[in-house]
Amino acid sequence: MPQQKDTVFAGNAGDVRFISDAQLEHIEAATDQLAGAVNGTSREVFFSLSVVSFHGFNSGLQSEHFNENYLESDLFPVATFKGKIIDDIDLMQNGAFEVRVKGLLTIHGVTVERIISGKVVINGTTMKIESTFPVLLADHNITIPKIVEMKIARQVTVMVNMTLIRNKS
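Whatever position you read off the sequence shown (first residue = 1), add 2 for my numbering.
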């Protein structure tokens, strides 16, 4: 008897935005280069992005500091999240679902176990994902120099928005 093939939703043009809302400065940056996949059968998920793909900082110098001093993108070029949807939902059915994913978030070379909530909308061959969650910089050994500690928030808000396409069976 042939083995059933897993159904996978995948894409490589998801949007990620982060906001640092500190006492003296508001910083936003975004990328549209999030790649990801959700296995509709096993409910496993994997997402990754190139740290240097973030743009939209308040200045070129701010972008340079983000990559060279804080995220050290030469040493840690990729951020990833790998996990599994822990809610008992059927990803083969159309509908809107609130989900929780337990997994490993790796930023700046430091991996932290997280449970991240989000919304999944399945309509035919597409899966839309939306999630907003906090990231504490200290959890990922990202240090803020004393001289700019009033300009960079200790916790940033991350927003993810992505559409994945179901593989052809």
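Yeah, the Cβ is synthetic: ideal placement off N, Cα and C, and Gly gets one too.
Here the structure is a predicted model, which is why all the values come from computation and not from measurement.
Between the Cα of residue i and those of the options, spot the shortest distance and give me the residue it belongs to.
{"i": "Val137", "options": "Ala15, Val10, Ile21", "result": "Ile21"}
{"i": "Leu63", "options": "Phe135, Ile29, Thr134, Thr145", "result": "Ile29"}
{"i": "Ile146", "options": "Val80, Arg19, His67", "result": "His67"}
{"i": "His110", "options": "Ser61, Phe99, Gly126, Pro79", "result": "Pro79"}
How about residue i and residue j: do their beta carbons lie closer than 8 Å?
{"i": "Val112", "j": "Asn69", "result": "no"}
{"i": "Asp8", "j": "Ser44", "result": "yes"}
{"i": "Glu46", "j": "Lys86", "result": "yes"}
{"i": "Gly1", "j": "Ile124", "result": "Only positions 3 to 171 of the chain appear in the structure, and residue 1 is not among them; the question remains open."}
{"i": "Ile88", "j": "Thr128", "result": "no"}
{"i": "Gln25", "j": "Ser55", "result": "no"}
{"i": "Phe48", "j": "Lys84", "result": "yes"}
{"i": "Val18", "j": "Val160", "result": "yes"}
Exposed or buried, what is residue i when buried is set at 16 or more other beta-carbons lying within 10 Å of its beta-carbon?
{"i": "Leu77", "result": "exposed"}
{"i": "Val162", "result": "buried"}
{"i": "Ala140", "result": "exposed"}
{"i": "Leu93", "result": "buried"}
With a CB to CB cut of under 6 Å and the five nearest residues on each side skipped, what residues in its chain are close to residue i?
{"i": "Thr2", "result": "Only positions 3 to 171 of the chain appear in this structure, which leaves residue 2 out of reach."}
{"i": "Ile117", "result": "Arg102, Lys104"}
{"i": "Val10", "result": "Ala39, Asn41, Asn169"}
{"i": "Glu2", "result": "The chain is shown from 3 up to 171; residue 2 falls before or after that span and cannot be answered."}
{"i": "Ala37", "result": "Asn14, Ser50"}
{"i": "Phe99", "result": "Ile91, Val122"}
Between the alpha carbons of residue i and residue j, how many angstroms are there, rounded?
{"i": "Ala12", "j": "Ser75", "result": "25 Å"}
{"i": "Thr165", "j": "Ile149", "result": "40 Å"}
{"i": "Ser133", "j": "Gly120", "result": "4 Å"}
{"i": "Tyr72", "j": "Val53", "result": "11 Å"}
{"i": "Gln95", "j": "Leu106", "result": "27 Å"}
{"i": "Gly16", "j": "Gly126", "result": "19 Å"}
Going along the chain, which residues of its own chain have a beta-carbon closer than 8 Å to the beta-carbon of residue i, five neighbours each way excluded?
{"i": "His57", "result": "Ala31, Ala32, Thr33, Ser65"}
{"i": "Gln157", "result": "Pro136, Val137, Leu138, Leu139"}
What residues in its chain sit with their C-beta under 7 Å from that of residue i, if we drop five residues either side in the sequence?
{"i": "Asp23", "result": "Ala155"}
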